[in-house]
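Numbering (our numbering), first residue to last: 15 to 147.
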């Protein structure tokens, strides 16, 4: 386990890398599906799924990182909740759903996966090193 790439790279750097890659994926997917998904909901749902998966694997390797990894990975969407004027409202064209629905759904999924990963990671650490009990 100590030879894995996730073990060697610090959780903060992995979370920052995920933030950058997932933001690029968000922008690219949003542009690709804009013709049939005007609100960009597909891109935000994909971002939430990627975020939850990344948090699971990062936090499972380092359970103490549960306090900052989800915040780092989702920091741009958290910031948009405060800056974006239509985040909490219906879109101006009223043909879609508010931005907060898929984004907050992703946040909830991320938190659930993070908690599960922290529990599994803590159990694995205790199994490897019984002195941690």
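Yeah, the Cβ is synthetic: ideal placement off N, Cα and C, and Gly gets one too.
The structure displayed is predicted, hence computed values, not measured ones.
**Message:** By the DSSP assignment, the alpha helix (DSSP H) with residue 4 in it spans what residues?
**Reply:** Because the chain here runs from 15 to 147, residue 4 falls outside it and cannot be looked at.
**Prompt:** For the candidate residues 68, 112 and 95, whose alpha-carbon lies nearest to that of residue 125?
**Reply:** Counting from one through the chain shown, the residue named residue 125 turns up at place 111. If we check each option's Cα against that of residue 125, 68 comes out closest.
**Request:** May I ask which residues mark the beginning and end of the alpha helix (DSSP H) holding residue 74?
**Result:** Walking along the chain shown from the start, residue 74 turns up at place 60. First-last of the alpha helix (DSSP H) with residue 74: 55 to 75.
**Item:** Close beta carbons around residue 30, own chain, < 7 Å, minus the five adjacent residues each side
**Value:** Residue mapping note: residue 30 aligns to position 16 of the chain shown, counting from 1. Sequence-distant Cβ neighbours of residue 30 in its own chain, meaning closer than 7 Å and more than five residues away, are 86.
**Prompt:** Quick one, which of 119, 101 and 94 has its alpha-carbon nearest residue 112's?
**Reply:** In the chain shown, the residue the question calls residue 112 occupies position 98. Checking every option, the nearest Cα to that of residue 112 belongs to 101.
**Prompt:** What are the start and end residues of the alpha helix (DSSP H) that includes residue 35?
**Reply:** For the purposes of this step, residue 35 is taken as the residue at position 21 of the chain shown. Per DSSP, residue 35 is one residue of the alpha helix (DSSP H) stretching across 25 to 46.
**Prompt:** Among the residues of its own chain, which have a CB less than 6 Å from the CB of residue 15, if the five just before and after it don't count?
**Reply:** Locating residue 15 in the chain shown gives position 1, where the first residue counts as 1. With a pLDDT of only 49 at residue 15, under the threshold of 50, the placement of this residue in the model should not be trusted; the figure read from the coordinates follows. Cβ neighbours of residue 15 beyond the five flanking positions: none.
**Own chain residues within Cβ distance below 8 Å of residue 40, not counting five before or after** = By one-based count along the chain shown, residue 40 stands at place 26. Within the same chain, residue 40 has close Cβ partners 57, 58, 60 and 61.
**Prompt:** When the Cα of residue 37 is compared with those of 130, 65, 81 and 53, which residue comes out closest?
**Reply:** Here residue 37 refers to the residue found at position 23 when the chain shown is read from its first residue. Of 130, 65, 81 and 53, the residue nearest in Cα terms is 65.
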